[in-house]
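J.: Structure in structure tokens, see below.
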Amino acid sequence: MLHVDPIFAPTSVAPATLAAGGEAVPPPFTVARVLTETRLDSWLALGLVLAAGLYLYGVYRLRLRGDRWPAVRTICFLGPGLGGIAAVTVSGLGAYDTVLLSVHMVQHMVLSMIAPIFLALGAPVTLALRTLPVRPRKRLLAIVHSRIARVYSFPLVAFAIFVVNPFALYFTGLYEITLRHEWAHELVHAHFIMTGCVFFWPLLGLDPLPGRWPYPARALLMLLSVPFHTVLGLTIMQSTTLLGGDWYPSLHLSWSDPWNDQVVAGGVLWAGGEFVSVTMLAVLVVQWIKQSEREARRLDRELDRQEARQRAAEASA
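Per the working numbering, residue 2 is the first one in the sequence shown, and the count goes up by one each step.
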């Protein structure tokens, strides 16, 4: 039986032909549809363009006064960072995120794990602190070092939010609400991004954050996050109920079976989560090694200065 949600009442069309927000269900999913179904009229597309523009303007300001900004940071922020968000929201994938659970899980992975990591590696807070006038810079520092920022950026708090939220979303009635209401659907996108940033920014980010843990503790926490998506993915694959209630069956898609698609979605979380977690653990180890090398060079310079002062004192004596 088809269920007509109140949000569809003005159109008098059953959800068999509509997705979230009253939009028509797209045709069978193909790679070509990722390009042909692209939409640039959402608030998220505007936000991505604005963020990219502000970041590039900051880099331009630095270069005007003769300062350098590492190109790799710009590439990380604009490419896999903002570009990753755009690839799964304003591209054709976004047209299928309420139609195929597997596509939604790809969104989940990119918005909560991949994009936040590269946004953190882009160091936008550091860029802002180096380019903003005095008063806005002080306000930004006050926000970064505020009590709320300290609590949410504390690694154990961020880890708890990162782990608990997906289970609360998918195994309660919240996920079905996001499928039936566009505002809730967009809110979940923003929530994924914020959750990923809160977790990965203190672990891998280059910005000055308060209360940052030493590298061994960060590596341990990253290692503990590796099995999380495995457990979530296997739980979804073995679930005897469909996520989203009767939403997916009510669409009556002739080209997709909701049960098979749910198994694929769980596999995406399982395989993708392990790959990203292990890769980011390797990135953290590389950062740890580089930081140790910088510390060793600093100690060598300090020893050289001490020896030079001692020789100068002996010569004068």
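Beta carbons: idealized from backbone N, C-alpha and C, even for Gly.
Please report how far the alpha carbon of Gln287 lies from the alpha carbon of Gly123, in whole angstroms.
T.: Looking at the sequence shown, residue 287 is not Gln but Val. Cα-Cα distance, rounded: 16 Å.
J.: So is Arg140 buried or exposed if we call it buried at 16+ other beta carbons inside 10 Å?
T.: So Arg140 counts as exposed.
J.: Who are the Cβ neighbours of Cys198 in its own chain at under 6 Å, not counting the five residues just before and after it?
T.: Contacts found: Pro117.
J.: How is the alpha helix (DSSP H) around Met223 delimited, first residue to last?
T.: Taken as a continuous stretch (DSSP letters only), the alpha helix (DSSP H) holding Met223 covers 216-225.
J.: Can you round the beta-carbon distance between Arg34 and Gly93 to whole angstroms, since I take them to be within the 8 Å contact cut?
T.: That belief holds up - the Cβ atoms of Arg34 and Gly93 are roughly 5 Å apart, short of 8 Å.
J.: Between the beta-carbon of Leu285 and the beta-carbon of Leu204, is there less than 8 Å?
T.: The answer is yes: Cβ separation under 8 Å.
J.: Can you say whether Arg302 is buried or exposed, counting buried as having 16 or more other CB atoms within 10 angstroms of its CB?
T.: So Arg302 counts as exposed.
J.: Within 10 Å of its beta-carbon, does Phe160 have 16 or more other beta-carbons around it, so buried, or fewer, so exposed?
T.: Looking at its Cβ environment, which holds 16 or more other Cβ atoms inside 10 Å, Phe160 is buried.
J.: Would you kindly check if the distance between the Cβ of Ala150 and the Cβ of Pro217 is under 8 Å?
T.: Cβ atoms of Pro217 and Ala150: not closer than 8 Å.
J.: Relative to the alpha-carbon of Trp271, which residue among Lys291, Trp289, Val227, Arg310 has its alpha-carbon at the smallest distance?
T.: The candidate whose alpha carbon is nearest that of Trp271 is Val227.
J.: Three or more C-beta pairs closer than 8 Å, one from the stretch 167-175 and one from the stretch 61-80: is that the case here?
T.: Output reads no: the stretch 61-80 does not touch the stretch 167-175.
J.: How many angstroms separate the CA atom of Ser255 from the CA atom of Thr37?
T.: Rounded to whole angstroms, Ser255 to Thr37 spans 21 Å at the Cα level.
J.: Return the first residue and the last residue of the alpha helix (DSSP H) that Gly123 is part of.
T.: That residue, Gly123, is in no alpha helix (DSSP H); it is neither H nor E in DSSP.
J.: Over what stretch of residues does the alpha helix (DSSP H) that includes Phe276 continue unbroken?
T.: Start and end: 259-317.
J.: Please classify Pro215: is it buried, with 16 or more other beta-carbons within 10 angstroms of its beta-carbon, or exposed?
T.: It counts as exposed.
J.: Would you check if the distance between the CB atom of Val126 and the CB atom of Asp208 is smaller than 8 Å?
T.: Contact flag set, yes.
J.: Taking all protein chains shown into account, do 16 or more other C-beta atoms lie within 10 angstroms of the C-beta of Thr90, making it buried, or fewer, making it exposed?
T.: Under this definition Thr90 is a buried residue.
J.: Scan the stretch 24-112 and note each continuous alpha helix (DSSP H) run of 4 residues or more that stays entirely inside, going in chain order.
T.: Counting whole runs of 4 or more residues, the stretch 24-112 contains the alpha helix (DSSP H) stretches 34-37, 44-65, 72-77, 85-90, 102-110.
J.: For Leu207, which three-state DSSP category applies?
T.: In this structure, Leu207 counts as coil in the three-state DSSP scheme.
J.: Count the other C-beta atoms from every protein chain shown that fall within 10 angstroms of the C-beta of Ile115, then say buried if there are 16 or more, exposed otherwise.
T.: Looking at its Cβ environment, which holds 16 or more other Cβ atoms inside 10 Å, Ile115 is buried.
J.: What's the C-alpha gap between Pro81 and Leu112?
T.: Cα to Cα, the separation comes out at about 11 Å.
J.: Here's the rule: buried if 16 or more other CB atoms are within 10 angstroms of the residue's CB, otherwise exposed. What is Phe200?
T.: Per the 10 Å Cβ criterion, buried.
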